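Notes for the one structure printed next.
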Amino acid sequence: MIKDLKKEMPEIFTTEFIDEVLQMFREAVELETAWGKYITNGEILGLSDKNLEQYIKYLANERLRKVGLPTLYPVGENPLKWVDEFSKFNDQRTNFFEGNVTNYSKGGLHFEDDWSEAVI
Numbered sequence: 266m267i268k269d270l271k272k273e274m275p276e277i278f279t280t281e282f283i284d285e286v287l288q289m290f291r292e293a294v295e296l297e298t299a300w301g302k303y304i305t306n307g308e309i310l311g312l313s314d315k316n317l318e319q320y321i322k323y324l325a326n327e328r329l330r331k332v333g334l335p336t337l338y339p340v341g342e343n344p345l346k347w348v349d350e351f352s353k354f355n356d357q358r359t360n361f362f363e364g365n366v367t368n369y370s371k372g373g374l375h376f377e378d379d380w381s382e383a384v385i
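Per the working numbering, numbering through the sequence shown is continuous, rising by one, with the last residue being 385.
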């Protein structure tokens, strides 16, 4: 949609406008990085603060690239490819009732447990 808007109304994509958009991305990356570091607290195996920051910068670059704007960060490839694979687990691109569901897990309940000590 943004690419179409760029073609139809190029006059609004001034240097000032693009600079403002890029500044919003910088602020968003800063906030997301701070939030990610706070949430993970450096306690997730395989997810260091540096990797998290690089991944957020990578995502920002990808979003900018997709709308035809210059990238901001020197991040080449995705530093956390496993996150993308994990996030695709619930990705459904077909009508729920027409497709094959693959992401249900099979589990069971056990009612043999002694619930007499449970606090309710």
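Cβ coordinates follow ideal geometry from the N, Cα and C atoms, glycine included. Please read these numbers as outputs of a predicted model, since none were measured by experiment.
{"Query": "Let me confirm a value: E295 is counted as buried when at least 16 other C-beta atoms fall within 10 Å, else exposed. Which label applies?", "Result": "exposed"}
{"Query": "Just to confirm before moving on: does the CB-CB distance between I321 and G301 stay below 8 Å?", "Result": "yes"}
{"Query": "Hey, out of M274, D269, I267 and V348, whose CA is closest to I309's CA?", "Result": "V348"}
{"Query": "Take M266 and list the residues in its own chain whose beta-carbon comes closer than 6 Å to its own, dropping the five residues that flank it on each side.", "Result": "none"}
{"Query": "For the alpha helix (DSSP H) that contains F278, what are its first and last residues?", "Result": "Segment: none, F278 is in no alpha helix (DSSP H) and carries neither H nor E."}
{"Query": "In terms of alpha-carbon separation, which member of L287, E297 and E273 lies closest to F319?", "Result": "The question names Phe, but residue 319 is Gln in the sequence shown. Measuring from the Cα of Q319, the nearest candidate turns out to be E297."}
{"Query": "Below 8 Å on the Cβ atoms is my guess for L337 versus L287; work out the distance and round it to an integer in Å.", "Result": "6 Å"}
{"Query": "How many angstroms separate the CA atom of I277 from the CA atom of K271?", "Result": "8 Å"}
{"Query": "Let me check understanding here. Comparing Cα to Cα, which of P344, S313 and T279 lies closest to E327?", "Result": "P344"}
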